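Notes for the one structure printed next.
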Amino acid sequence: MEIEYKVNHPITVNQYITLVNKSALSEHRPTDNEATVKGMLENSNLIVTAWVDDQLVGIARSMTDFHYCCYLSDLAVDESVQSMGIDKYLILVTAESMVDGCKIVLLSDQKEGGYYSKMGFKEQNRAWVLTDISELVLP
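Next up, the structure:
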């Protein structure tokens, strides 16, 4: 099976939803909200995809300045082709799209069980998330 990696190749909302629903990321993304997914895809400035023929089998979706920091928001691989290193190649192509030394940052569910550390990521405990703007404390 030959896998082709593409940078910023257009994908549809349905292709994204189908892939994510075939991956471990499905419970963490709003695949029932096409408008949100459309916005996610349109406003990402680096999307690396993996293809087998015309089938989307992997995605690394990021927002980056290409010099200092790259936020890797989605890393998803179709469960039928996992264990082939597609996830690692998606990260490698993402890194190759930036200057040397640009940090790749991601947030992960605690259930990952060392998945990212096995790939070389270092755990940080300094992330802060605001999911409900009504909780913002104003002066």
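Here the sequence shown stands for residues 5 to 143, where the numbers follow the numbering used here.
We put the CB at the ideal spot given by N, CA and C, even for glycine.
Predicted model only: the values in this text are computed from it and were never measured.
Quick check on residue i: does DSSP put it in helix, strand or coil?
i	result
Ser84	helix
Leu142	coil
Tyr75	strand
Ser121	helix
Please determine, among the options, the residue with the shortest C-alpha to C-alpha distance to residue i.
i	options	result
Lys122	Asp104, Asp91, Val85, Trp55	Asp91
Glu83	Leu96, Gly118, Asn129, Leu60	Leu60
Val11	Ile51, Asp36, Ser27, Leu29	Ile51
Where do the ends of the beta strand (DSSP E) carrying residue i lie?
i	result
Lys10	8-11
Ile108	107-109
Residue i lies in the alpha helix (DSSP H); which residues open and close that run?
i	result
Ile137	From DSSP, Ile137 is part of no alpha helix (DSSP H); its letter is neither H nor E.
Thr22	17-25
For residue i and residue j, I'd like the C-alpha separation in whole angstroms.
i	j	result
Met5	Asn49	29 Å
Val81	Leu23	7 Å
Asp1	Ser87	Residue 1 lies beyond the residue range present for the chain, which begins at 5 and ends at 143; the question has no answer from this structure.
To the nearest whole angstrom, what separates the beta carbons of residue i and residue j, a pair I think is in contact under 8 Å?
i	j	result
Ala99	Leu79	The Cβ separation is near 13 Å, so there is no contact.
Val41	Ile21	6 Å
Val109	Leu134	Between Leu134 and Val109 the Cβ distance is about 17 Å, and since that is not below 8 Å, they are no contact.
Thr53	Met102	About 17 Å; that fails the 8 Å criterion.
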